[in-house]
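Have a look at the structure below before the remarks.
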Amino acid sequence: MALLTTYITVQLLPYGTLAAVSPRSLQIQSPTAAGSNRLAQLEQLPGGSVALPNFDPAVNGFQFSNQELTQAIDITRNPQAWEEVLTEQLQQLFGTQVCIGGESATCVLTAAAQSWLQTQLGRMNQGLSEGMAAAVLDLWQPSQPRLPWWQRLVNALLGRTVFGLVRTLFDLQTFIANLFLMQGVTEVAQQTQTVRDTFTPTQILRSLLDVFIGGSLDPFTMGVYRRLEGALTEGHSLTPYSVEDQGNGKYWVYVYDSNYPAGRSNSPTDLHVEFDTQADTWAYQPTASGPVFEGDGQSKTLDLTQRSWRQPPVDLPLASTGPFTCPFCGPGAVTEAATGAEDEIQAATVDITLIGEGLLTVTPYEESATADLALLSLSSQDAVELVPFKGGLNREVPASYRLPADHLGRPLQVTLTGVSTAPGQTATLQLTGPGYTANIEELRLDPSQTLTLFLVANATGPEITLVANRATTLPRLAINLTDDTSAYQFNSSTPESGFSITDRQVSKSSGFELSGLKLPAGQRVALAAKTDLKRLYFADDTPTPSQYALTVKNRLVIKDRIQLGERQPDFINYTLAYDEDMRASGVEIDGQRQAFFDYDPAFIDPAELPRQALLAAFDQRDFPIAIAYEPLSVSATATSGPSPLRLVPSGAESVGQRVFQGALRKADGKG
4 MALLTTYITV QLLPYGTLAA VSPRSLQIQS PTAAGSNRLA QLEQLPGGSV ALPNFDPAVN
64 GFQFSNQELT QAIDITRNPQ AWEEVLTEQL QQLFGTQVCI GGESATCVLT AAAQSWLQTQ
124 LGRMNQGLSE GMAAAVLDLW QPSQPRLPWW QRLVNALLGR TVFGLVRTLF DLQTFIANLF
184 LMQGVTEVAQ QTQTVRDTFT PTQILRSLLD VFIGGSLDPF TMGVYRRLEG ALTEGHSLTP
244 YSVEDQGNGK YWVYVYDSNY PAGRSNSPTD LHVEFDTQAD TWAYQPTASG PVFEGDGQSK
304 TLDLTQRSWR QPPVDLPLAS TGPFTCPFCG PGAVTEAATG AEDEIQAATV DITLIGEGLL
364 TVTPYEESAT ADLALLSLSS QDAVELVPFK GGLNREVPAS YRLPADHLGR PLQVTLTGVS
424 TAPGQTATLQ LTGPGYTANI EELRLDPSQT LTLFLVANAT GPEITLVANR ATTLPRLAIN
484 LTDDTSAYQF NSSTPESGFS ITDRQVSKSS GFELSGLKLP AGQRVALAAK TDLKRLYFAD
544 DTPTPSQYAL TVKNRLVIKD RIQLGERQPD FINYTLAYDE DMRASGVEID GQRQAFFDYD
604 PAFIDPAELP RQALLAAFDQ RDFPIAIAYE PLSVSATATS GPSPLRLVPS GAESVGQRVF
664 QGALRKADGK G
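For the sequence shown, the working numbering gives the first residue as 4, with consecutive numbering after it.
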């Protein structure tokens, strides 16, 4: 597929602005008995109750359910529209670094940004309670001193009928989707985890009372979970709106639950979470036949997320990096705090996420002094964050692993086990690192079946190893990178136009997919990107020659600033975006060899070509895929038991090369 887009402007477009409270300036404080005793104050209020002003779940809650919205949103029906509208949101969150070349006015997402967005949107099939619980608070509309971008969107939505389900109400769907996606953003997830790990149920109750009695316009959503084999699962998000004293240390926190729209005959009324401050416990069971969510001071199955944590800082202009840490952007990005504090370096992390249901376990896999590979345990000292998923449909979606930068370069063994609630489902495992994503797609997880994978998040690119527990056809292994930008100037004068100087910026972003190999039981296949060499490596350890299908995705943005005239010049800004998708079948590898593809020369070289010549070159695009071969590295030989297949460049001349003709799928461009 090839998609060509051109943009011509005669002046630079102004940046928009953001507004809200800086998430870094907000840290929830553990409530204490010092100052006012909120529980005692509640007893003195009429009826022993307090609520968010003018909040009524029958009025402010959605009149469609979580399940109905999940079914109504069809990402595959219009994927280009979803990417287009959420591209702007990604810039608001992470800055223009999500765009190829950092170009905001005509943003084309990097391959890594596009991959991350698509897989995160894929999680919406597991439920949207987190987005719906947060959205009702924004649509509740407390008075605001400013009108930031998200508030203007809310105002536009409130001008329509937004509480009944309308399939074509795309703005509302994307608004909920945006809030849903933010549950995993570092600045939101870290503070939510702090509440979950350190607050007792009684302290969480007091935190709610601090907001309700104190008159704050910054309320919470509440996360509730169950544990499966010690792991948090079946996460659900509620919106607390009232607290009522029931006597004898018992309190009811009334909630909006997106699974039960108010007013329906089959919806329970007066949904509430029960707190017992004497036993320091909590419980939530919306229906008599439904699952029970419960916990105590040690279970760590309850948390809070404050509304302002999800909102970008006040009046911050759109910049290269945004107010939230980008999980897939390059390492060492600098963010400017809204408070005017010193620059803060975004620390690289390693994120491992399962899009689907199952059990996910991640364990470091390291080489010992005797060269034997040994499994080590992740300890609390490793500063591992577990980011649970809040979909609300009682799905066994596991928490994501977020590992600190010291895990870069360390092999991680990943085991996936299917669950009985989702027999025969397909899932995607995603590794997100500094400057890339790596996916294992179309994984079939049968109940009680375990798959073994190895992931290595290097500073120069990811490595994936899939171990065949049984004879199987290779699912898709995919790697998507951020961008590489160069700039130069040349004389573009012609007899027709006269004097002309062009400043050209060329930005490239690459993606790759490997599929089609029939892998015998016990054998391994690996895919690795080496961004320092601009090469993609792949290999397997089957003794006979193998055949693959390789798909190469190139995203190219060429930005020209053209000076016309020498003394009183005019300037034209011209941007061309080209997206191509090429597939080569029957790519062969002999046994004991590893293959590599030099991906940088695969792009069209714009050199000093003028616009019309570039358009003609794209129209006549031909794409041979040259694959070179090296001996399979010594470190890739098999050991006892499963192990990663490390693809180490030999540094020597290749031992052969073959050229495969890629099939370019064309699509209509726009200009």
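Backbone N, C-alpha and C define an ideal beta-carbon position, used for all residues, glycine too.
- Residue GLY130 holds the alpha-carbon nearest to the alpha-carbon of GLN74 among GLY130, PHE58, GLN121.
- Per DSSP, GLN566 is one residue of the beta strand (DSSP E) stretching across 549-567.
- Per DSSP, the beta bridge partners of HIS275 are TYR257.
- Look at GLN121 here: in three-state DSSP terms it is helix.
- When THR290, PHE296, GLY187, GLU71 are compared, the shortest CA-CA separation from LEU389 is found for GLY187.
- By the neighbour-count definition (other C-beta atoms within 10 Å, threshold 16), ASN262 is a buried residue.
- Within the model, the alpha-carbon separation for LEU231 versus ALA265 is close to 30 Å.
- With respect to the 8 Å criterion, GLY238 and LYS393 are classified as neighbours on the basis of their beta carbons.
- Rounded to the nearest angstrom, the Cβ distance from PRO401 to THR195 is 17 Å, too far for a contact under 8 Å.
- In the structure shown, the three-state DSSP call for ALA84 is helix.
- Under the DSSP definition of a beta bridge, GLU583 partners with ALA5, ASN557.
- DSSP links ALA460 through a beta bridge to PRO465.
- Of TYR602, LYS562, GLY134, the smallest CA-CA separation from ARG614 is found for LYS562.
- Proximity of the stretch 174-183 to the stretch 197-208 falls short of the contact definition, fewer than three beta-carbon pairs being nearer than 8 Å.
- The criterion of a C-beta distance shorter than 8 Å is not satisfied by PRO478 and LEU415.
- In this chain, THR236 is not harboured by any alpha helix (DSSP H); it is covered by the beta strand (DSSP E) spanning 234-250.
- Counting only residues of its own chain and dropping the five nearest sequence neighbours on each side, ALA54 has a CB closer than 8 Å to the CB of PHE215, TYR244, SER245, VAL246, TYR257.
- Annotation for PRO334: ALA351, PRO437 place their beta carbon closer than 6 Å to its own, counting only its chain and skipping 5 residues before and after.
- Each residue's CA atom was taken as its position, placing GLY525 and PRO647 some 12 Å apart.
- In the DSSP assignment, the residues bridged to LYS521 are THR476.
- The continuous stretches of alpha helix (DSSP H) do not include ALA542, which lies in the beta strand (DSSP E) extending over residues 538-543.
- In the three-state scheme derived from DSSP, where H, G and I count as helix and E and B as strand, PRO60 is classed as helix.
- In this structure ASP487 is not in contact with LEU6, their Cβ atoms being roughly 20 Å apart against a cut-off of 8 Å.
- A residue is called buried when at least 16 other Cβ atoms come within 10 angstroms of its Cβ; SER240 meets this threshold and is buried.
- One alpha carbon belongs to LEU536, the other to ASP603, and they sit about 9 Å apart.
- In terms of CA proximity to THR284, GLY298 leads the group GLY298, GLY293, THR272.
- Looking at GLY98, PHE599, GLN566, ALA587, the one whose alpha-carbon comes closest to that of ARG507 is GLN566.
- Judged by beta-carbon spacing, LEU112 lies within the 8 Å limit of LEU120, meaning their Cβ atoms are closer than that value.
- In this structure, ARG41 is the residue among ASN269, ASN57, ARG41, ASP59 with its C-alpha nearest to the C-alpha of GLY51.
- At a Cβ-Cβ threshold of 8 Å, ALA430 and GLY359 count as neighbours.
- Taking a contact to require three or more Cβ pairs closer than 8 Å, the stretch 454-466 and the stretch 487-497 do not qualify as touching.
- Taken through DSSP and simplified to helix, strand or coil, PHE606 comes out as coil.
- Inter-residue distance for VAL555 and ALA471 is about 25 Å (C-alpha atoms, whole angstroms).
- Residues of the same chain with a CB within less than 6 Å of the CB of ASP273, apart from the 5 flanking positions on each side, do not exist.
- At the C-beta level, THR475 and ALA115 stay beyond 8 Å of one another.
- GLY594 and ILE575 have their C-alpha atoms spaced approximately 54 Å apart.
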